[in-house]
Each structure stands twice: as structure tokens, then as C-alpha cells.
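One structure is given below, encoded as C-alpha cells.
In the numbering used here, the protein residues as written are 158 to 511.
Here it is as C-alpha cells:
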């Protein structure tokens, strides 16, 4: 279905549409597509005073089930509840004074929305957030609670990127997308940097690093960090099987676009990888695999019952692959990025009881 593009005003639900406009994207396209480990090191220093150094947890039961040593980097304990805060801080901290004065606009199903709103709040900036009208209520409430001005759209019929561009041009805002931006990618890569630097002194390198994949911001950043710090390890991206655009892109050598997938992993309901994220993934990632929604639910149940933590479906992608048995992990050391824990408790209860 071809998506409509709608004129918008802050604080309103989108309802009437106009033909798509060819607008200039403001403050969006950095000079270089590829990121380096140096970018991640600088990002880590830049955001250190703002983000949480999240814990790396282990589970004897998980190790017994897989025959491996699993190390879970728990970004569900990050500020705003997900890894997205890392990239948001790194991007906004590099705004010039004029950009800070005007503010930021983004589009997101929830975690990046909250991260941008929270980072902008801490930095005293205005934040306008384009969110789908079916976004989890807890994520909408948190975004508004952080001071974000929410504009709703229909993710199945309307184009969030064009809506963001229109708002950027109309109101002079800087557009920071949820994944396809080098500053975002470098910020997200700090999670893998912390994980690897913590586990390597106590047992050696990681054989695998399993990273959730939506648009590729987290995977591209983590793969860049892993390539530098853990060069002999294998980085695998994991996405929902209903939305395997990343896997198809990786195999075909070109970005594949799909319709919005139907999956409980709302943070991975992306339609395509980014023009910045894709070449980094091609260069540094060994494989992209998928898991089912049923496997995500099993992982949610495992985290809750055995590790006593709440993880949202998207955050379970890497763990679901590890626990599925699809990879032979016997005797391996495996890092798993647990990307977030933002989920409505009623929905969480329904899913884990299903």
C-alpha cells in the first residue's frame, strides 16, 4: 500500500493528506557514511555523564540450556529503559547553539522517542516526536512525561519520514532519525564497547555477539566496536522473522524495502535498513538470522522467571536466538545485547501467559 503524506501541526493527530513534497532534510546528513571505532570512543566519553553503565548479567540456567557462557548486556536498565538513550545523547550533545535553540524532531515507535525526549529535556531543548497511533501506551506516556510534543500518524498508511521532514522545515527543527545517522550509530555502539571491555579481562574474547536488528543503528554501532575490540568474534544480527528485510538485504547486497511487518517486536517493525547502517553491517556483520514471535515470548518468560527482569519483545531478539538452539554455541562465550525493557505491564502479562 502506498503511504500518504499529511500536513501536520504539533499536538494534533494527522487526519488530512496532501501530495508528497520534496523537502530538504535539515541537519541530517553528516559528511561521512562509515563510522569508526574512534567515533564510538569519542561518543562514550561524550555521553558518560548522562547514561547508565548498565550491568552485564549471567544465568547458570541459560548456560546449561545452551552449553555456552552467556553474557547479557542489560540495556533495559538504561535511562529511558533502552539503549536508544546512548545515541540520542550523542547526537544532541553535538548540536550547535542555533540547533539547540530551535530544537529537535524525530520519528519513532517508542524507545527512540523516549530517548530523544529525555535527552532534550536534560539539555533544555524542545523535542517534537512523530509516533504511530498504535504505539504502546507506556511509551507514549513516557515520551510526553519527558516533555516531548507528540504528533501521531498511521504507521500502515502514512510516511513518518516525510512527516518529520515537513516539521523540520516548517518549524526550523533538526531532524534526528531513530537509526540512520552516524552520531546515533556511534552512540549505540558504546553498549558493545562496555560489554566487551567488561567480559574480556575475565575469561577472554567473545566467540559471538548477538545483537537485535531493526533499522540497524544498534547493530552497526555494536559491530564496529566488536570489530575493533574483539576482532576474531562473530557478530550476528537478529530480527523478527515477520520482518526479515535486514536478512534479505544482507543476502542480496542491496537494501530491501518491505511493508510494515506484523510482529510483537514493535521496536523492529522497520521497513528497511538505513543508507548509513547498511554498508557498516555489510562490512562488519557475519550473518543475520531471525526468530519467531513465539520464541520471543519464550525468552520473555525466561528473563522474568529465571533472571527476574522485564524485557520487551524487541529486547529479546538476541536471547531468543541463543536459547532457540539454532546456533551451536557449545563451549562458546556469547555476548547478548538486551536492548530494552519498555513494555506495558498488562501487555507483558498477556504475552508471558500466552
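Built from N, CA and C at the ideal position, the CB exists for glycine as well.
Residue i (DSSP reduced to helix, strand or coil)
i, result
"residue 265", "coil"
"residue 469", "coil"
"residue 447", "strand"
"residue 357", "helix"
"residue 424", "helix"
"residue 494", "strand"
"residue 288", "strand"
"residue 393", "strand"
"residue 239", "strand"
Pairwise C-alpha distance: residue j and residue i
i, j, result
"residue 366", "residue 391", "6 angstroms"
"residue 314", "residue 296", "21 angstroms"
"residue 465", "residue 452", "18 angstroms"
"residue 438", "residue 380", "7 angstroms"
"residue 455", "residue 223", "14 angstroms"
"residue 409", "residue 426", "20 angstroms"
"residue 375", "residue 369", "7 angstroms"
"residue 211", "residue 234", "6 angstroms"
"residue 430", "residue 424", "13 angstroms"
"residue 191", "residue 406", "18 angstroms"
"residue 490", "residue 221", "13 angstroms"
"residue 337", "residue 205", "22 angstroms"
"residue 303", "residue 485", "43 angstroms"
"residue 124", "residue 458", "With the chain covering 158 to 511 only, the question about residue 124 has no answer from this structure."
"residue 174", "residue 280", "Interpretation of residue 174 is limited by its pLDDT of 28, a score under 50 that renders its predicted location unreliable; the figure taken from the coordinates is listed afterwards. If you take the alpha carbons of residue 174 and residue 280, they lie about 34 angstroms apart."
"residue 98", "residue 497", "Only positions 158 to 511 of the chain appear in this structure, which leaves residue 98 out of reach."
Candidates the options: closest to residue i by CA position
i, options, result
"residue 294", "271, 372 and 385", "271"
"residue 416", "349, 316 and 474", "316"
"residue 299", "500, 510 and 508", "500"
"residue 249", "291, 227 and 333", "333"
"residue 247", "335, 386 and 357", "335"
"residue 360", "504, 418, 488 and 496", "488"
"residue 288", "266, 506 and 447", "266"
"residue 387", "362, 230, 509 and 405", "362"
"residue 230", "251, 353 and 323", "353"
Cβ-based neighbour list, residue i, same chain, cut-off 6 angstroms, excluding 5 preceding and 5 following
i, result
"residue 355", "213"
"residue 460", "466 and 468"
"residue 305", "274, 284 and 286"
Span of the beta strand (DSSP E) around residue i
i, result
"residue 306", "306–310"
"residue 507", "Counting along the chain, residue 507 falls outside any beta strand (DSSP E), though it belongs to the alpha helix (DSSP H) covering 502–509."
"residue 484", "Note, residue 484: premise wrong, no beta strand (DSSP E); not H, not E."
"residue 586", "This structure cannot settle anything about residue 586, because the visible part of the chain is limited to 158 through 511."
Proximity test, residue i beta-carbon vs the ligand HEM heavy atom, cut-off 6 angstroms
i, result
"residue 283", "Here there are no bound small molecules, and the ligand HEM is not part of this structure."
Contacts around residue i, its chain only, beta-carbon distance under 7 angstroms, and the 5 residues preceding and following it disregarded
i, result
"residue 422", "397, 453, 470, 471 and 474"
"residue 197", "343, 346, 347, 350, 378, 381 and 382"
"residue 184", "For residue 184, the predicted structure reports a pLDDT of 43, less than 50, and the residue's modelled location is therefore unreliable. The matter cannot be settled from this model."
"residue 292", "266 and 267"
"residue 419", "399"
"residue 242", "208, 235, 236, 272, 275 and 276"
"residue 307", "286, 288, 297, 300 and 301"
"residue 194", "381, 382 and 385"
Start and end residues, alpha helix (DSSP H) containing residue i
i, result
"residue 407", "402–409"
"residue 226", "Careful: residue 226 lies outside any alpha helix (DSSP H), inside the beta strand (DSSP E) at 226–231."
"residue 194", "194–204"
"residue 324", "317–328"
"residue 434", "434–441"
Sequence-distant residues of its chain with Cβ nearer than 8 angstroms to residue i (five each side left out)
i, result
"residue 395", "367, 368, 369, 370, 445, 446, 447, 448, 474, 475, 477 and 478"
"residue 199", "343"
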